[in-house]
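Visitor: Sequential numbering from 137 applies to the sequence shown in the working numbering. Think of the CB as a built atom: it goes at the ideal place given N, C-alpha and C, for glycine as much as any other residue.
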Amino acid sequence: MGSVLIVDDEPAICWTLREALRDEGHQVQVAPSAEEALRLTAGTPAAFVPDAVLLDVRLPGRDGLEALEDLRQNIGAVPVIIMTAFGDLQTAVNAVEHGVYDYLLKPFDLDPALAIVNRALQPSVSDSTEGAAGAGLTPSSVGETIIGRSLAMQQVFKNIALAAASEISVLITGESGTGKELVARALHRHSPRRDAEFLPVCIPALNPGVIESELFGHVRGAFTGAAEDRMGLLELARAGTVFLDEVGDIPLHLQVKLLRAIEQGEITRVGEARARPAKPRLLTATNRPISELIAQGQFREDLYFRLSVFHIHLPPLRERPEDIPLLAEHFVQQTQAARGGQPVTLSEAALRELSRRTWPGNVRELRNAVEHAALVSRGGMIHPEHLPRPLAPARVEPANLLDTVQAALRKWVAQAARENTDPNPELYAEFLHLVEPPLLEVVLEHVAQNKAAAAQLLGLHRATLRQKLRRYGLPQPE
Ligand SMILES: Nc1ncnc2c1ncn2[C@@H]1O[C@H](COP(=O)(O)OP(=O)(O)OP(=O)(O)O)[C@@H](O)[C@H]1O
Ligand SMILES: [Mg+2]
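1) What span of residues does the alpha helix (DSSP H) with P574 cover, start to end?
2) Looking at E489 and ligand 2, is the gap between the Cβ and the nearest heavy atom below 7 Å?
3) Quick one: what does DSSP say H162 is sitting in, helix, strand or coil?
4) Any heavy atom of ligand 3 closer than 7 Å to the beta-carbon of A421?
5) Please determine whether the Cβ atom of T481 lies at a distance below 7 Å from any heavy atom of ligand 1.
6) Please report how far the alpha carbon of F446 lies from the alpha carbon of Y239, in whole angstroms.
7) Among the residues of its own chain, which have a CB less than 8 Å from the CB of E146, if the five just before and after it don't count?
8) Nearest-angstrom Cα distance between D558 and L570?
9) Would you mind reading off the limits of the beta strand (DSSP E) that contains F446?
10) Taking 8 Å as the threshold (C-beta atoms), are V319 and G353 in contact?
11) Counting along the chain, where does the beta strand (DSSP E) carrying Y239 start and finish?
12) Run the proximity test for I282: is its beta-carbon closer than 7 Å to any non-hydrogen atom belonging to ligand 1?
13) Mapping the DSSP letters down to three states, classify M289 as helix, strand or coil.
14) For D263, which three-state DSSP category applies?
15) Grab me the residues of E465's own chain with a C-beta within less than 8 Å of its C-beta, minus the 5 sequence neighbours each way, in chain order.
16) Excluding sequence positions up to five away, which residues of its chain have a Cβ less than 8 Å from the Cβ of N254?
17) Ligand 1 and V499: does any heavy atom of the ligand fall closer than 7 Å to the residue's C-beta?
18) Closer than 7 Å: is that where the CB of E317 sits relative to any heavy atom of ligand 2?
19) Determine the direct distance from the alpha carbon of V185 to that of G138, and round the result to whole angstroms.
20) In angstroms, rounded to a whole number, what distance separates the CA positions of V648 and I296?
21) Quick test of your reading: V355 and D365, contact by CB under 8 Å. State the CB separation rounded to the nearest angstrom.
22) In the DSSP output, which residue or residues are listed as bridge partners for M367?
23) Please work out which residues of its chain come closer than 6 Å, Cβ to Cβ, to A332, disregarding the five sequence neighbours upstream and downstream, and give them in chain order.
24) Only counting the same chain, and skipping five residues up and downstream in sequence, which positions put a Cβ closer than 8 Å to that of V468?
25) Could you check whether the Cβ of D558 sits closer than 7 Å to any heavy atom belonging to ligand 2?
26) Have a look at G345 and Q391 and give me their C-alpha separation to the nearest angstrom.
27) So A178 packs on L141, CB below 8 Å; how close in whole Å?
28) Run the proximity test for S312: is its beta-carbon closer than 7 Å to any non-hydrogen atom belonging to ligand 1?
29) Under the rule that 16 or more other beta-carbon atoms within 10 Å means buried, what is L388, buried or exposed?
30) Under the criterion of a Cβ to heavy atom distance below 7 Å, does H466 qualify as lining ligand 1?
31) When you compare the CB positions of D459 and L450, do they come within less than 8 Å of one another, or not?
32) How would you write the range of the beta strand (DSSP E) that G516 sits in, first residue to last?
33) Quick one: residues in its chain with C-beta nearer than 7 Å to the C-beta of I252, no 5 flanking neighbours on either side, listed in chain order?
34) Decide yes or no for the touch test of the stretch 487–506 against the stretch 308–319: beta carbon pairs closer than 8 Å, at least 3 of them.
35) Any idea if V611 is buried or exposed, counting beta-carbon neighbours within 10 angstroms, 16 or more meaning buried?
36) Classify K547: buried if its beta carbon has 16 or more other beta carbons within 10 angstroms, exposed otherwise.
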């Protein structure tokens, strides 16, 4: 049994929570505003001293989080559970900085909400304010805003806020263009290392031969061209953050070295035996599932565990279409601010068209589309015809294509083997009949029906080619 203070201006929420908590035997008080909550909890003898607080963020008058600092003077370190309909990253960060115990996203179901309150009321709860509290409200650092009202993005905000405050390594996953780098920058911006450097490095952009020296540095004479000692990124970012983008592309032998660097907090420059202390914070990202790379022996599992102590996944845009209007408006405004001129607005129809598309290139593609449209609309209203044509929905990567073809052929063979009851089966010939004609046709097309050139490209004798064309009933070019 405990006492709970509910601070919310929506009578329906207050009523539901109050009845449910009273049924469980708790003592409940309700305040419709932060001011009222402060009044209720002020002054020693008459004050209501709650064991837990459920606090709405958006309140008439003072904002719940903003008032929390004052409320803490009255209530001390009791667990505070934030309730919010739709917060931004700053809300989540502020919540963590104020030592908020948990975070309920509205609308919420009653049962999980009660479970959280009951957990908060347990005398054994470890004080989650530790470390985070007292950091105080930092003025909301302007930077790249991360937009999103979907539940998935609200979770991402919460995770950024939780992870930012600590030193743990974070692995950020998601398809291309979902905002992985944006999240990495936000993690740094909201971390205790925010005043030190953020050093992003995109592994596939580096020549494989220089990855080691880029990351770990080298000493003079370590290899041809190493004219002087040079610090690597991991050493440069000692007090800051290193962001390893497409970390799956780090060669295996360097994965061992990286793991050792992380575990021991020291790095060794190329060409030097001495280890030097370096403890940068490591953030990594990948748009390929690392589990597949591990299965293929291309990525070390132990390193993976080290890097993914905390994991933030960004869902593709097609799985959170409710974010599209907000993002589109945001990009329109950004373009506007950058270019000035006549105000640009999105028409209803353009917005509908944007929401209808599947965005294989995710937020990046949406951003480009909106910027393009703002430009061609020449100020004024953006209509659907101003939007660029959508990218082909499913881009078939060559690797996938090969997989697809081989899978289809396997299926065909298995089925043909099952069904073939012919006394003189000719499965091999049938198989060739399936795959050779397209090969011959496309090659002939490619060389403008020149049989000699086709034979050469195929690596076949001209007579053999002629024979095959006849066998498959294909036209014989002159
Ligand atoms: N939630 C978001 N709110 C606002 N802008 C976003 C959001 N997500 C992505 N963007 C914008 O979309 C673009 C792509 O984002 P980012 O570079 O972070 O993607 P990525 O996941 O790192 O992609 P890649 O895998 O191709 O490197 C950037 O211009 C970024 O600012
Ligand atoms: Mg990126």
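Guide: The relevant details are as follows:
1) Here the question's residue 574 lines up with position 438 in the sequence shown. Per DSSP, P574 belongs to the alpha helix (DSSP H) from L563 to H582.
2) Reading the sequence shown from its first residue, position 353 is the one you call residue 489. It does not: the Cβ of E489 is nowhere closer than 7 Å to a heavy atom of ligand 2.
3) Here residue 162 is taken as the residue at index 26 of the sequence shown, counted from 1. It is coil, neither helix nor strand.
4) The ligand content of the structure shown is limited to ligand 1 and ligand 2, which means ligand 3 is not among them.
5) As a first step, residue 481 must be located in the sequence shown, where it is residue number 345. Checking every heavy atom of ligand 1 against the Cβ of T481, none is found closer than 7 Å.
6) Taking the sequence shown and counting its residues from 1, one reaches residue 446 at position 310. Taking the sequence shown and counting its residues from 1, one reaches residue 239 at position 103. In a straight line, the C-alpha of F446 is about 18 Å away from that of Y239.
7) What you label residue 146 is simply residue 10 of the sequence shown in a count that begins at 1. Result list for E146: D192, in chain order.
8) Numbered from its first residue, the sequence shown carries residue 558 at position 422. Numbered from its first residue, the sequence shown carries residue 570 at position 434. Cα to Cα, D558 sits roughly 18 Å from L570.
9) Mapped onto the sequence shown, residue 446 falls at position 310. Counting along the chain, F446 sits inside the beta strand (DSSP E) bounded by residues F446 to L450.
10) Residue numbering aside, residue 353 sits at position 217 when the sequence shown is read from its first letter. Residue numbering aside, residue 319 sits at position 183 when the sequence shown is read from its first letter. The answer is no: Cβ separation not under 8 Å.
11) Working through the sequence shown from its first residue, we reach residue 239 at position 103. Here the beta strand (DSSP E) through Y239 covers D238 to L241.
12) By one-based count along the sequence shown, residue 282 stands at place 146. I282: yes, Cβ under 7 Å from ligand 1.
13) Locating residue 289 in the sequence shown gives position 153, counting from the first residue. DSSP places M289 in helix when its eight states are reduced to three.
14) In the sequence shown, residue 263 corresponds to position 127, counting from 1. In this prediction, D263 has a pLDDT of 35, which is less than 50 and means its spatial position is unreliable; what the coordinates show is noted afterwards. Secondary structure at D263: coil, using DSSP grouped into helix, strand and coil.
15) Here residue 465 corresponds to residue number 329 of the sequence shown, with the count starting at 1. Only L482 meet the Cβ criterion.
16) Taking the first residue of the sequence shown as position 1, residue 254 is located at position 118. Beyond the five residues adjoining it in sequence on each side, N254 comes within less than 8 Å, by CB distance, of E160 in the same chain, given in chain order.
17) If you number the sequence shown from 1, residue 499 lands on position 363. Yes, ligand 1 has a heavy atom inside 7 Å of this Cβ.
18) Mapped onto the sequence shown, residue 317 falls at position 181. The nearest non-hydrogen atom of ligand 2 is less than 7 Å from the C-beta of E317.
19) As a working note, residue 138 is residue 2 in the sequence shown. As a working note, residue 185 is residue 49 in the sequence shown. Within the model, the alpha-carbon separation for G138 versus V185 is close to 10 Å.
20) What the structure shows of the chain is the stretch from 137 to 614, and residue 648 is not part of that stretch, so it cannot be assessed.
21) One-based indexing of the sequence shown puts residue 355 at position 219. One-based indexing of the sequence shown puts residue 365 at position 229. A Cβ-Cβ separation of about 5 Å places V355 in contact with D365 under the 8 Å criterion.
22) The sequence position of residue 367 within the sequence shown is 231, counting from 1. Beta-bridge pairing links M367 to G353.
23) In the sequence shown, residue 332 corresponds to position 196, counting from 1. Closer than 6 Å at Cβ, skipping near neighbours: A375 and G376.
24) The residue labelled residue 468 in the question sits at position 332 within the sequence shown. V480, T481, L482, V506, A510 and I518, listed in sequence order.
25) Locating residue 558 in the sequence shown gives position 422, where the first residue counts as 1. Taking non-hydrogen atoms of ligand 2 into account, the C-beta of D558 is found less than 7 Å away from none of them.
26) Against the sequence shown, residue 345 aligns to sequence position 209. Against the sequence shown, residue 391 aligns to sequence position 255. Taking the straight line joining both Cα atoms gives about 14 Å.
27) Numbered from 1 along the sequence shown, position 42 holds the residue referred to as residue 178. Numbered from 1 along the sequence shown, position 5 holds the residue referred to as residue 141. The distance from the Cβ of A178 to that of L141 is about 12 Å, inconsistent with a contact at the 8 Å cut-off.
28) Position 176 of the sequence shown, counting from 1, holds the residue named residue 312. At least one heavy atom of ligand 1 is nearer than 7 Å to the Cβ of S312, so yes.
29) On the sequence shown, residue 388 is found 252 positions in, with the first residue counted as 1. L388 is exposed by the Cβ-count criterion.
30) Indexing the sequence shown from 1 puts residue 466 at position 330. Checking the Cβ of H466 against ligand 1 gives yes.
31) What you label residue 459 is simply residue 323 of the sequence shown in a count that begins at 1. What you label residue 450 is simply residue 314 of the sequence shown in a count that begins at 1. Cβ atoms of D459 and L450: not closer than 8 Å.
32) Indexing the sequence shown from 1 puts residue 516 at position 380. In the DSSP annotation of this structure, the continuous segment of the beta strand (DSSP E) that includes G516 starts and ends at G516 to I518.
33) Here residue 252 refers to the residue found at position 116 of the sequence shown. Within the same chain, I252 has close Cβ partners I217, D238 and L240.
34) With contact defined as three or more Cβ pairs closer than 8 Å, the stretch 487–506 and the stretch 308–319 are in contact.
35) As a first step, residue 611 must be located in the sequence shown, where it is residue number 475. Residue 611 is actually Pro in this sequence, not Val. So P611 ends up on the exposed side.
36) Residue numbering aside, residue 547 sits at position 411 when the sequence shown is read from its first letter. Around the beta carbon of K547, fewer than 16 other beta carbons sit within 10 angstroms, so the residue counts as exposed.
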